[in-house]
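S.K.:
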Amino acid sequence: MKVISLLAGAAAALAFSVPAMAADDAAAAKAMKDSGCTKCHATDKAKKGPAYQKIAAKYKGKADAEAKLAEFVTKSPKVKMDDGSEEEHKALKDAGQAKNLVQWILAQ
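Heads up: the sequence shown runs through residues -22 to -1, 1 to 86, numbered per mature numbering (1 follows the signal peptide of the UniProt record, and there is no 0).
1. Contact defined as beta carbons within less than 8 Å: I believe residue 34 pairs with residue 84. What is the distance between those atoms, to the nearest angstrom?
2. Could you check which residue in 61, 73, 42 and 51 has the C-alpha nearest to that of residue 14?
3. Thinking C-beta only, is residue 69 closer than 8 Å to residue 54?
4. Hey, could you find the ends of the beta strand (DSSP E) residue 23 is sitting in?
5. Ignore the nearest five residues each way along the sequence and tell me which others in residue 18's own chain have a CB closer than 6 Å to its CB.
6. Cβ atoms of residue 21 and residue 75: under 8 Å apart, would you say?
7. Tell me whether residue 58 sits in a helix, a strand or coil according to DSSP, three-state version.
8. Leaving out five residues before and five after residue 2 in sequence, what residues of the same chain have Cβ atoms less than 6 Å from its Cβ?
9. In the DSSP assignment, the alpha helix (DSSP H) including residue 63 goes from what residue to what residue?
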């Protein structure tokens, strides 16, 4: 009986210590390529839009980070570029693809 209790306790501890499922890197890369994200964004340097690392830093530690970023990548808001011009941000239509991409961005 003690062995079962110990195993159950260890399993519970492990379940709470394992981080949430990580984003699928290959699927995120495909979504970025297919949606044209890489025309304006890169992982570690600014292009026409901010680097993904800068975006992740902006949302770091915020409880609503995933929800806010998901809304941004699915709703086509107007965005202001460094040169002062504005354009509509391209939206991802697939909710699962958007969720994975958001998780990938926030992990940068």
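Beta carbons are placed, not taken as given, at the ideal position from N, Cα and C, and that holds for glycine.
Remember, predicted model here, so these are calculated numbers, not experimental data.
M.R.: Let me lay it out:
1. Here the question's residue 34 lines up with position 56 in the sequence shown. Here the question's residue 84 lines up with position 106 in the sequence shown. The beta-carbon separation of residue 34 and residue 84, rounded to 5 Å, stays under the 8 Å limit for a contact.
2. Indexing the sequence shown from 1 puts residue 14 at position 36. With distances taken between CA atoms, residue 14 lies nearest to 51 out of 61, 73, 42 and 51.
3. Within the sequence shown, numbered from 1, the residue matching residue 54 stands at position 76. Within the sequence shown, numbered from 1, the residue matching residue 69 stands at position 91. Cβ atoms of residue 54 and residue 69: closer than 8 Å.
4. Counted from its first residue, the sequence shown places residue 23 at position 45. For residue 23, there is no enclosing beta strand (DSSP E), as DSSP marks it with neither H nor E.
5. Counting from one through the sequence shown, the residue named residue 18 turns up at place 40. Cβ contact annotation for residue 18 (same chain, cutoff 6 Å, sequence separation greater than five): 25, 26 and 27, in chain order.
6. Along the sequence shown, read from residue 1 onward, the residue named residue 75 stands at position 97. Along the sequence shown, read from residue 1 onward, the residue named residue 21 stands at position 43. Residue 21 sits away from residue 75, with the two beta carbons spaced by 8 Å or more.
7. Along the sequence shown, one-based indexing puts residue 58 at 80. Reduced to three states, the DSSP call for residue 58 is strand.
8. As a first step, residue 2 is located in the sequence shown; it is residue number 24 there, counting from the start. Once the five neighbours on either side are set aside, the close Cβ partners of residue 2 are 78.
9. Counting from 1 along the sequence shown, the entry for residue 63 is found at position 85. Here residue 63 belongs to no alpha helix (DSSP H), and DSSP marks it neither H nor E.
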